[in-house]
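Q: Each residue of the sequence shown is one higher than the last, beginning at 0 in numbering that gives the first Met the number 0. Backbone N, C-alpha and C define an ideal beta-carbon position, used for all residues, glycine too.
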Amino acid sequence: MSNESKITTKALLDKADSLFNGNEYEASRAIYIQAMEQANKNKENSELTEAYSMIARTYLVLDKKEEGRPWIQKAEKIANSKDPLGWSRYLGVRGRFEWKDKELDKATATFKEMYNYCSGRKLYERAIDAAHMVAITGKPEEQIEWGKKGLKEAEEGTVTRWLGPLWNNLGATYEDMGRYKEALDAYLKAREFHWRYGDEKNKLIADWAVGHAYRLNGDNASAEKWLRPVLAWCERIGETEFEGLTNRELGEIELSRPSPDMALSYFLKAEEKLRQAGMPEWDSAGFAKLQNQIAELSKKTK
């Protein structure tokens, strides 16, 4: 095996990763398959493990779990803990299959194993990914601890692209626990990093989260100062989902005043935009709640 061919396989994996991270899943799969063929030819076990694992993940992320399963099974047969990149990649994808199979305890154990393995080897991005996934699959009491572990790895490894998402996830965890002041603090921190390192949509969502958190804390004046510019921003760039969510937030503010006519107007706009954005599929309970609010307000405003 020549150095040149090894670089070629790694370069293929890097190229595929770049496409995958840009949400170009089908295109990334084609390159991962090239990497698989190259690694197979050169008997590069670590690279082959990575390629098999990521081919599996390209199916999983598109909700084609059963098409991806044979590929993670191929990775499982050859994965070796002496290959840091291959082994860590395999664990990350195996854990995601366990998560999607609703085996949360098993997935959490896999991601903890991945974190310990990567953290000890200064594989910062993969340690962060593992901690981030424990914060999703773990029990509520684990989520804050593991969110903070991810932040520690991101800071130590200066992995700047993760700082915004990790602070955002920590804010969401606090929010789910009803700890709204801490949620606001985390969302403000997330905004700082999203505005420093993120793209336009990252920045928009960060501003929305801050406005949303101010509303949860009962500070409607501050909430409006954040949310009204976000609404105009969404309308300008055609961001349907967050246009709907922002209208819903403004409706909640009007409802608390109380100003039922204005609330109904915002909720109707929210329903229109969130239906377009597919909310009945990805949050049927939230959409049903919005429709119930509209029905109740419609009775009162007649």
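Would you kindly check if the distance between the Cβ of E154 and the Cβ of S118 is under 8 Å?
A: no
Q: Under 8 Å, with one C-beta from each stretch per pair, do the stretch 104-115 and the stretch 128-146 reach the 3-pair mark?
A: Put simply, the stretch 104-115 touches the stretch 128-146. At least three CB pairs are less than 8 Å apart.
Q: So, is K61 buried or exposed, given that buried needs 16 or more other C-beta atoms within 10 angstroms?
A: In the sequence as displayed, the identity of residue 61 is Leu instead of Lys. Per the 10 Å Cβ criterion, exposed.
Q: Which full runs of the alpha helix (DSSP H) of 4+ residues lie inside the stretch 69-128, going along the chain?
A: 83-99, 103-118
Q: Ignore the nearest five residues each way along the sequence and tell me which others in E3's own chain have a CB closer than 7 Å to its CB.
A: Here E3 scores only 44 on pLDDT, less than 50, and its place in the model is too uncertain to base an answer on.
Q: Determine the DSSP secondary structure at D260, reduced to helix, strand or coil.
A: helix
Q: According to DSSP, is K298 helix, strand or coil?
A: helix
Q: At which residue ranges does the stretch 162-239 contain complete alpha helix (DSSP H) runs of 4 or more residues, listed in the order of the chain?
A: 162-175, 179-196, 199-215, 219-236
Q: Please state the DSSP three-state secondary structure of L249.
A: helix
Q: Rank E25, T136, L103, L84 by C-alpha distance to the C-alpha of K121 and give the top, closest one.
A: L84
Q: Between the alpha carbons of T48 and S255, how many angstroms are there, rounded?
A: 55 Å
Q: Use the C-beta contact count for A231: other C-beta atoms within 10 angstroms, 16 or more gives buried, fewer gives exposed.
A: exposed
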